[in-house]
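In order, the protein sequences belong to chains A and B. Numbers given in our numbering equal positions in the first sequence, counted from 1, plus 2. Mapping to our numbering: the second sequence position 82 is 72, numbers consecutive. All C-beta atoms in this analysis are idealised placements derived from N, C-alpha and C, irrespective of residue type, glycine included. To keep things clear, I will list the structure first and then write my remarks on it.
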Amino acid sequence: MDSFGSILTEAFGLILIWDPDLIEIIGLSLRVTLTAVIVACVIGLPLGAAVGAFRFPGRTIVAVVLNALMGLPPVVVGLMVYLMLSASGPLGPLQLLYTPMAMIIAQTILVTPIIAALTKQVVEDLHREYVEQFASLGVGPLDRVGALLWDARYSLLTVALAGFGRAVAEVGAVIIVGGNINHVTRVMTTTIALETSKGNLELALALGVVLLAIALFVNAAVMAVRASAVRAAYA
Amino acid sequence: MLDSASLMKTFRADVAEKVAPSVISARGLGFAVEGRVLIRDVDLDIKAGRRTVIMGSNGAGKSLLLRLLHGLIAPSSGEILWNGRPLDKAARRRQAMVFQRPVMLRRSVLANLDFALRVHGVHGPARRDRERAALAMARLEDLAASPARTLSGGEQQRLAIARALACAPDLLFLDEPTVSLDPASTHAVEMLIGDAHAAGVTTVLVTHDRAQALRLGDDVIFMAGGRIAETGPVEKVLQNPQSEVARAWLEGRLHFEPGASETK
Ligand SMILES: Nc1ncnc2c1ncn2[C@@H]1O[C@H](COP(=O)(O)OP(=O)(O)OP(=O)(O)O)[C@@H](O)[C@H]1O
Ligand SMILES: [Mg+2]
């Protein structure tokens, strides 16, 4: 077995020469995760805002369910999506199993509750501050949700980034529904898992470095967003 | 069935309204939270175009009374009439309120005005005109693009009043709008309130400041322990209060209304 130093050198070499396999895997990872996060935001932001801003029967139950779903074990989500999409499952005819679409579905299910629950928290706090002004102006329900989402935009951007961070690093669900098929459904995390078990540590480590860099970038972005929001008193 | 007696009654009520139209009135108004009575037996009539000031010690229920009259909270008893009819959402849109602590959206000064006007269904060039007028009125033209929450207390208060007036209300509630402002800002805010009155807006102002009450009030409602202790023309009441609470308060003596915070 090579020394750690030479593995590391080779890993950085792969990144530096812009290795086509590496790029393909990173590209698919980002495509799947970004799509899932966007869909999760489209569902989770209005849902979280509605639960945060309105009193309706069953509101507490929805909030509790959202919080519980936040901690969904990824492998369980993977298994459920697998059962739905497998040939004998209800969505079997769509033939989505082992496609990027299946991974997007699994990640969306994982990330939506996170986005919705965090959005609810943010919007609830803001709504408490705005509620009387809204009532005084006679703001309707749709305008309320719109205004709250807009005024919480900086916090919500960090919520979306948190969802992205969770999804991009997730392995359990995507490996079950994606199958880690070369050139089809291999993403960073599943490749790391597979290549490590095969002893191909250079590619695994190169992807690990990229994943780490993405995590650092997301955190830096969150801090930058916060800082600019505070500067503009929009936090 | 309409008989002549009830017709006569309607007619007389009609005449009474024409002679002295009350823009807003309260009958037997009460408000309680968890058995604690915070507002009780409030009857009042505020005439169109008049300037009413509400005074009274901390916790007397002044802010609560404004909230009730503005329809932000529902009374536990009694009723509120807006132009002789029950207060509803449409009526509330004819009113505006400037809160004790102004609520600024996390947007620019201009966007704060824009939001209020959009909600009030003012669109197109009319909205831009009103925004420009409101900015000029509040002397905030140079700060139009600044985040509203970076404004000073006095500037925020001016913006809150301009935002309220931009919606062209018939009645404006102001809850201690100049508290913690310096004399210049206080003067600027008082000018705005004066402009509103000149434009025909009925004003209801909560203040602890006698001089301000004299400057900005025609009538005073003096509250103590959730009740109206005394009402009348502002000069008369401030110079020669009839109730013991009002006299004690105006003389700066602490006065504890017997049983004021008692539950009933
Ligand atoms: N939502 C509420 N629940 C319970 N008690 C309340 C509520 N709102 C107000 N109170 C109580 O009602 C009383 C009157 O409050 P209010 O805010 O009307 O006083 P205020 O006259 O405006 O006083 P200040 O001059 O300090 O502004 C206070 O004792 C307050 O604690
Ligand atoms: Mg008050």
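Look at Ile211 of chain B here: in three-state DSSP terms it is strand. Within the DSSP secondary-structure output, Pro137 of chain B pairs in a beta bridge with B:Ser98. Taking a Cβ-Cβ threshold of 7 Å, the residues of chain B close to Ala234 of chain A are Pro137, in chain order.
For Gln135 of chain A, the three-state secondary structure derived from DSSP is helix. At least one CB atom of chain B sits nearer than 8 Å to the CB of Gln135 of chain A. It is roughly 16 Å from the alpha-carbon of Leu55 of chain B to the alpha-carbon of Arg41 of chain B. Using a C-beta cut-off of 8 Å, the segment 165 to 175 of chain A makes contact with the segment 71 to 81 of chain A, since at least three inter-stretch Cβ pairs fall below that distance.
Closer than 8 Å to the CB of Val67 of chain A there is not a single CB belonging to chain B. The DSSP-derived three-state label of Arg118 of chain B is helix.
Proximity to Arg91 of chain B across A:Gln97, A:Tyr132, A:Leu32, A:Ile111 peaks at A:Tyr132, based on C-alpha coordinates. Among the CB atoms of chain A, none fall inside 8 Å of the CB of His113 of chain B. Taken in chain order, the whole alpha helix (DSSP H) runs of length 4 or more contained in the segment 29 to 82 of chain A are 61 to 72.
For Asp199 of chain B, the Cβ stays outside the 7 Å cut-off from all heavy atoms of ligand 2. Contact check for Leu19 of chain B and Ile63 of chain B: beta-carbon distance about 11 Å, past the 8 Å limit, so the pair fails to qualify. In the assembly as shown, Phe89 of chain B is a buried residue. Its beta-carbon has 16 or more other beta-carbons within 10 Å. Of all residues in the segment 165 to 195 of chain B, none comes within less than 9 Å of chain A when Cβ atoms are compared. Within 8 Å of the CB of Ala152 of chain B, no CB atom of chain A is found; the nearest one sits about 14 Å away. Counting only the Cα atoms, Leu159 of chain A lies some 30 Å from Gln147 of chain B.
According to the DSSP secondary-structure assignment, Val88 of chain B is paired through a beta bridge with B:Leu164. Relative to the Cα of Val13 of chain B, the nearest Cα in the group B:Gly111, B:Val27, B:Leu34, B:Ile29 belongs to B:Leu34. Residues of the segment 140 to 166 of chain A that bring their beta carbon within less than 9 Å of a beta carbon in chain B comprise Gly140, Val141, Gly142, Asp145, Ala149, Trp152, Asp153, Ala154, Arg155, Tyr156, in sequence order. Residue contact with chain B for Tyr132 of chain A: present (Cβ-Cβ distance below 8 Å to some residue of chain B). For the options B:Arg117, B:Ala152, B:Gly51, the alpha carbon positioned closest to that of Met94 of chain B is the one of B:Ala152. By the neighbour-count criterion, in which a residue is buried when 16 or more other Cβ atoms sit within 10 angstroms of its Cβ, Met225 of chain A is exposed. Where Val170 of chain A is concerned, the enclosing alpha helix (DSSP H) starts and stops at 155 to 170. At a cut-off of 7 Å, the beta-carbon of Ser53 of chain B counts as near ligand 2: some heavy atom of the ligand is closer than that.
Here the alpha carbon of Trp239 of chain B sits roughly 7 Å from the alpha carbon of Gly46 of chain B. Looking at B:Gln232, B:Phe212, B:Gly242, B:Arg237, the one whose alpha-carbon comes closest to that of Ala50 of chain B is B:Phe212. Around the beta carbon of Ser157 of chain A, 16 or more other beta carbons lie within 10 angstroms, which makes this residue buried. With a cutoff of 7 Å, Ala50 of chain B counts as near ligand 1, since its C-beta is closer than that to a heavy atom of the ligand. In this structure Pro223 of chain B is exposed. Its beta-carbon is surrounded by fewer than 16 other beta-carbon atoms within 10 angstroms. In this structure, the CA atom of Arg17 of chain B is about 24 Å from the CA atom of Glu234 of chain B. When distances are taken from the beta-carbon of Gln202 of chain B to the heavy atoms of ligand 2, even the shortest one reaches 7 Å or more. Val179 of chain A and Ala89 of chain A do not touch by the CB rule: their CB atoms are close to 13 Å apart, not below 8 Å. Within chain B, no residue has its beta carbon less than 7 Å from that of Ser230 of chain A; the closest one is some 11 Å off.
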